[in-house]
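S.K.: Residue numbers (this note's numbering): 3 to 145.
Quick one: the structure is below, and I'll ask about it shortly.
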């Protein structure tokens with residue numbers, strides 16, 4: 003049920019990684035051993051859900067801003083627009099790196115950041131196709 007709200011939670015995939023790791027390969031009838039790490043992850047997600055988070059409707063007459071961030075675990079993205087100098091989030095998006103991606107990007111932050119940019123352009127093509135948009139990343143070699 004929490005996954006439904008993932009678009010409202012920044013870096014959702016990274017936050018729930020301990021939970022998804024524990025559930026990977028399990029059937030619904032199999033039990034898992036609940037750990038302190040999993041409890042902390044669940045509490046973080048609950049806390050994020052209780053925060054006031056307002057998403058704005060996109061204005062296709064304005065420039066989109068895509069903010070990306072990558073870690074060892076995955077990528078996080080925020081699609082925003084600036085209106086009167088204020089940033090307004092339209093959606094949050096995140097995902098974990100797959101096993102092969104983790105091995106491929108293990109040591110190279112630039113590759114992780116590039117993977118984030120490729121992921122977001124493909125995933126948000128319905129917002130970005132034919133639109134003016136800017137990509138913001140804090141990874142200096144790409145800037």
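We put the CB at the ideal spot given by N, CA and C, even for glycine.
From a predicted model like this one, the values you see are computed outputs, not experimental measurements.
Going by DSSP, which residues form a beta bridge with residue 90?
M.R.: The residue given as residue 90 occupies position 88 in the chain shown. Its beta-bridge partners are 83.
S.K.: Please report the Cβ distance between residue 81 and residue 126, rounded to the nearest whole angstrom; I am assuming they are in contact, meaning their Cβ atoms lie under 8 Å.
M.R.: Within the chain shown, the letter at position 79 stands for residue 81. Within the chain shown, the letter at position 124 stands for residue 126. Rounded, the Cβ-Cβ distance is 6 Å, consistent with contact.
S.K.: Nearest to residue 64 by alpha carbon, out of 45, 90, 75 and 39?
M.R.: Within the chain shown, the letter at position 62 stands for residue 64. Considering only alpha carbons, the answer is 90.
S.K.: Using only CA atoms, which one of 48, 66, 77 and 105 lies nearest to residue 16?
M.R.: In the chain shown, counting from the first residue as 1, residue 16 sits at position 14. When each option's Cα is compared against that of residue 16, the closest is 77.
S.K.: Please report the distance separating the alpha-carbon of residue 137 from that of residue 33.
M.R.: The count along the chain shown starts at 1 and reaches residue 137 at position 135. The count along the chain shown starts at 1 and reaches residue 33 at position 31. Whole-angstrom Cα-Cα distance: 42 Å.
S.K.: So what's residue 136 in DSSP terms, helix, strand or just coil?
M.R.: Mapped onto the chain shown, residue 136 falls at position 134. In the structure shown, residue 136 sits in a strand (DSSP, three-state: E or B).
S.K.: Return the bridge partner residues of residue 69 from the DSSP annotation.
M.R.: Sequence index remark: in the chain shown, residue 69 carries index 67 (1-based). According to DSSP, which records beta bridges pairwise, residue 69 is partnered with 80 and 138.
S.K.: Quick one: give me the first and last residue of the alpha helix (DSSP H) that residue 121 is part of.
M.R.: Along the chain shown, read from residue 1 onward, the residue named residue 121 stands at position 119. Residue 121 -> alpha helix (DSSP H) spans 111-125.
S.K.: Kindly indicate which residue of 85, 96, 128 and 31 has the alpha-carbon position closest to the one of residue 73.
M.R.: Here residue 73 refers to the residue found at position 71 when the chain shown is read from its first residue. Here the closest residue by C-alpha is 96.
S.K.: Would you check if there are 3 or more beta carbon pairs closer than 8 Å linking the segment 33-50 to the segment 100-119?
M.R.: Counting Cβ pairs under 8 Å, fewer than three are found: no touch.
S.K.: What is the rounded straight-line gap between the Cα of residue 49 and the Cα of residue 128?
M.R.: Mapped onto the chain shown, residue 49 falls at position 47. Mapped onto the chain shown, residue 128 falls at position 126. Those two C-alpha atoms are separated by around 30 Å.
S.K.: In terms of residues, what are the limits of the alpha helix (DSSP H) holding residue 59?
M.R.: Residue 59 sits at position 57 when you count from the first residue of the chain shown. From DSSP, residue 59 is part of no alpha helix (DSSP H); its letter is neither H nor E.
S.K.: For a test of the three-state rule: what should DSSP assign to residue 28, helix, strand or coil?
M.R.: Residue mapping note: residue 28 aligns to position 26 of the chain shown, counting from 1. Coil.
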